[in-house]
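Residue numbers (my numbering), protein chains in the order written: chain A, 1 to 300; chain B, 301 to 639.
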C-alpha cells in the first residue's frame, strides 16, 4: 500500500511522490475500505432485496412480478402506506412544536443550565427503546399515570383510551424521537451569531419578528436535519408502533415483520420493505428540498 | 462480536482436516437457540449448570423466537448458527418441510423412556407442554366459562386479543371459531364475531405486550398459557386461569438437532439433560413455572390437570393443516381489525 507523503513546507508536492496526481490517488485509496464495506454490507443486500422481490413464490424459484402485482393491486396496501407516512409527519410536527421552544430555551440558558438541559435531552437515548416503549404502557394505560391523575382531579369520569390509539402512539413517539430533533437543532442554533439578534432588535424588530425573520430561517438546516431523522425513525419504529399502537394500527414495518418472520414469504416482505424505503426516501427528499429552498431564501 | 462458537467454526475452517478430530472429541460446548424471556432465564439458571456438572459441556444460549430460529437456519443454508432448536408445533412443521433437522437417534436420549408416548419422534423430543386457556382478573370480572363468554359483557369490553402470529394466539382463535361453527381450517366465524364487537374490545396487541397490558389494567381477560398466568401471579398480579368448557388447549415445545450442527454429540447431551428429572423438576418451580413432561416429576397443583395422562383429553391441533392457511389468516386479521 502506498503511503502519503507530507507536503513540503512551501506547499508544492515533493519530487519523491511523483506530483499531486499520486497523492490524489492515495486519498482515493484511503476511501476504498469504507467504499468496499459500504458496497458489501449495504449495497449488496439491497440489491439482493430488489432481486428477491421479483419472485412469485415463497421458495424463491419462479421469477416474476406476482408479489408486486399483489401488493400494488390491493387498496389496503395504499392505506397502510398513507398511514405510515402520516404517522411520520404527525410525529415530525409534534417534535417541532415541542422541540423548537425547548431549543430556544436552551439558547438563552446559562452554560450551567445548558449542561443540565443537554443531559435531559440525551438521557432518553441512553435507555433501550424497548424500555422506553414499555414505560409508555405504564404512563398511557387505562390505570396508568395520566388516567389516574385526570380521574383524581375530576377532569374525567371514565379512563381515556390512550393506549392503542394513534394519539397515544404519536405522544410516545414524540418523546422517543425528541433527541433526534433537538440535537441537530441545538448544534445549528448554538452557532448563530448572537449579534444578529441584537442587530434585529436594534433595528426595531419585535421578538416575534426576530424569531421568524432571523432565528427560524438561520436554524433551518438543523430543523430540516431533525425532521429527516425523526421522520425516518418514527416511520420505521416497529417496536413502538406495535407495542403502543397495538395491531389494529397497521404500518409497513408490521407487514414486513409478519411476512418475513411469521409466514416466511420473503419476496412479499421484500416488496413491502422496498415500498417503505421508497416512500420514506420520497418524503425525506421533499423535506430536504424544502429545506434547501428556505436556505436560499435566507441568503438570497 | 466473535463468540466462542464462531471462533471455533473459524478455526475449523482454517485449520483443515488435522484439527477436525480433536475438535469433534472436545467436551466443548453446545449452542442452543432458546426463546427470549422466561425460557432463556430458566435455561441459563438451571440447564446450563446441570449440563456443565454432568457432562462438562458449556451451554451457549442464543435467544431467538421460534420463527426467527427457522428464518436464521434457512438463511444460513446448511451452516446453522446453533446446534439445537426449541420450537412450537407450527414452526416445527415448517422446519421439517425445509429439511432443517437431523433425525434423532432415540438410543442417545437416556431419559426418553421417562417421557409419555408421543413426545419423542424421529425429528425431536418434547420437553415441555403448554396449556392454553382463558386468564381473567378476579377482582374486575367474574370467571368466564368458555370462549363464547368473551364476546358478551362484562368480559368483551375488558378483552385483550392477539392475532395469528403466535402459536397460542392461533390455537385460541381456532377454538373461538369452533364455538361459533368454524373448524381447524375455517376461522371465518371467529373473525365475523370479532368484527361485531370490535369497538368494545379493550386491546388488540402484540403477543409480547399482552402480559404488560394485563398487568397495567388495560385489559382484564385474555387467552394465554398457564406459564404466563403463574408468572404474573408470582409478581402479585390478580390473575386466574380458566379451562374453557370446550377444553384447554395443549401443544408441545420440542427440541431438535439442527442439520449441519457442529456439536451433535453435545446437542444430544443437552436434550437428554433437559428431559431429565432434576432439570424438569427445577423448571416447574417459580418463577419459571414450566409444565413438566418427565413422568417422575409431580404435576404442580395450580395446573388444570392432576397428571400428564389427563392432558391426552385436551384439545390439540394439526399444524400441517394450519400452516398453509396461516398467511391468509394473518392477512385477513390485519384487514378486518385495522382501524
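We put the CB at the ideal spot given by N, CA and C, even for glycine.
No experiment lies behind these values; they were computed from the predicted model shown.
DSSP three-state assignment for residue i, whether helix, strand or coil
i                      : result
residue 362 of chain B : strand
residue 622 of chain B : helix
residue 429 of chain B : strand
residue 513 of chain B : helix
residue 45 of chain A  : helix
residue 97 of chain A  : helix
residue 85 of chain A  : helix
residue 633 of chain B : helix
residue 329 of chain B : strand
residue 605 of chain B : coil
residue 460 of chain B : strand
residue 63 of chain A  : strand
residue 475 of chain B : helix
residue 351 of chain B : helix
residue 334 of chain B : strand
residue 119 of chain A : helix
residue 127 of chain A : coil
residue 551 of chain B : strand
residue 627 of chain B : helix
residue 215 of chain A : helix
residue 566 of chain B : helix
residue 443 of chain B : coil
residue 612 of chain B : helix
residue 55 of chain A  : strand
residue 486 of chain B : strand
residue 590 of chain B : coil
residue 690 of chain B : Residue 690 of chain B is absent from the structure shown; chain B starts at 301 and stops at 639.
residue 638 of chain B : coil
8 Å Cβ cutoff met for residue i and residue j
i                      : j                      : result
residue 570 of chain B : residue 387 of chain B : no
residue 137 of chain A : residue 580 of chain B : no
residue 179 of chain A : residue 121 of chain A : yes
residue 91 of chain A  : residue 170 of chain A : yes
residue 401 of chain B : residue 333 of chain B : no
residue 218 of chain A : residue 288 of chain A : no
residue 452 of chain B : residue 523 of chain B : no
residue 559 of chain B : residue 399 of chain B : yes
residue 435 of chain B : residue 541 of chain B : yes
residue 65 of chain A  : residue 54 of chain A  : yes
residue 514 of chain B : residue 498 of chain B : no
residue 555 of chain B : residue 501 of chain B : no
residue 357 of chain B : residue 330 of chain B : yes
residue 622 of chain B : residue 390 of chain B : yes
residue 291 of chain A : residue 220 of chain A : yes
residue 234 of chain A : residue 173 of chain A : yes
residue 58 of chain A  : residue 267 of chain A : yes
residue 283 of chain A : residue 88 of chain A  : yes
residue 572 of chain B : residue 413 of chain B : no
residue 620 of chain B : residue 393 of chain B : yes
8 Å contact criterion, which residue i and residue j should meet: CB distance rounded
i                      : j                      : result
residue 509 of chain B : residue 243 of chain A : 5 Å
residue 567 of chain B : residue 384 of chain B : 5 Å
residue 60 of chain A  : residue 52 of chain A  : 6 Å
residue 594 of chain B : residue 606 of chain B : Not a contact, Cβ separation roughly 16 Å.
residue 437 of chain B : residue 538 of chain B : 5 Å
residue 563 of chain B : residue 378 of chain B : Contact doesn't hold; Cβ gap of about 16 Å is too wide.
residue 455 of chain B : residue 479 of chain B : Not confirmed; about 14 Å, so no contact.
residue 465 of chain B : residue 507 of chain B : 6 Å
residue 103 of chain A : residue 176 of chain A : Going by Cβ atoms, the distance from residue 103 of chain A to residue 176 of chain A rounds to 18 Å, so no, they are not a contact pair.
residue 334 of chain A : residue 255 of chain A : In the structure as shown, chain A begins at 1 and stops at 300. Residue 334 of chain A is therefore absent and cannot be evaluated.
residue 422 of chain B : residue 408 of chain B : Between residue 408 of chain B and residue 422 of chain B the Cβ distance is about 13 Å, and since that is not below 8 Å, they are no contact.
residue 459 of chain B : residue 521 of chain B : 5 Å
Distance cut-off 7 Å: residue i Cβ against heavy atoms of the ligand ZN
i                      : result
residue 424 of chain B : The ligand ZN is not part of the structure shown, which contains no ligands of any sort.
Write down every uninterrupted run of the beta strand (DSSP E) in the region 161-212 of chain A whose length is 3 residues or greater and which is fully enclosed by it, in chain order.
none
What are the complete alpha helix (DSSP H) segments, minimum 4 residues, inside the region 218-295 of chain A?
238-245, 252-257
Below 8 Å, can you find three or more Cβ-Cβ pairs linking the region 248-261 of chain A to the region 153-170 of chain A?
yes
Measuring CB atoms only, is the region 185-193 of chain A touching the region 103-116 of chain A, in the sense that at least three cross pairs come out at less than 8 Å?
yes
Is the region 520-535 of chain B touching the region 428-437 of chain B, taking contact as three or more C-beta pairs under 8 Å?
yes
Would the region 483-493 of chain B and the region 615-635 of chain B be scored as touching if the rule is three or more Cβ pairs under 8 Å?
yes
At a cut of 8 Å, does the region 262-273 of chain A reach the region 62-73 of chain A through at least three beta carbon pairs?
yes
Is there contact between the region 365-376 of chain B and the region 253-266 of chain A, where contact requires at least three CB pairs shorter than 8 Å?
yes
With a threshold of 8 Å, are at least 3 pairs of Cβ atoms found where one atom belongs to the region 194-211 of chain A and the other to the region 140-160 of chain A?
no
Cβ contact check for the region 582-589 of chain B and the region 330-346 of chain B: 3 or more pairs under 8 Å:
yes
Tell me the start and end of each unbroken beta strand (DSSP E) in the region 353-419 of chain B that is at least 3 residues and wholly inside, in chain order.
358-363, 384-387
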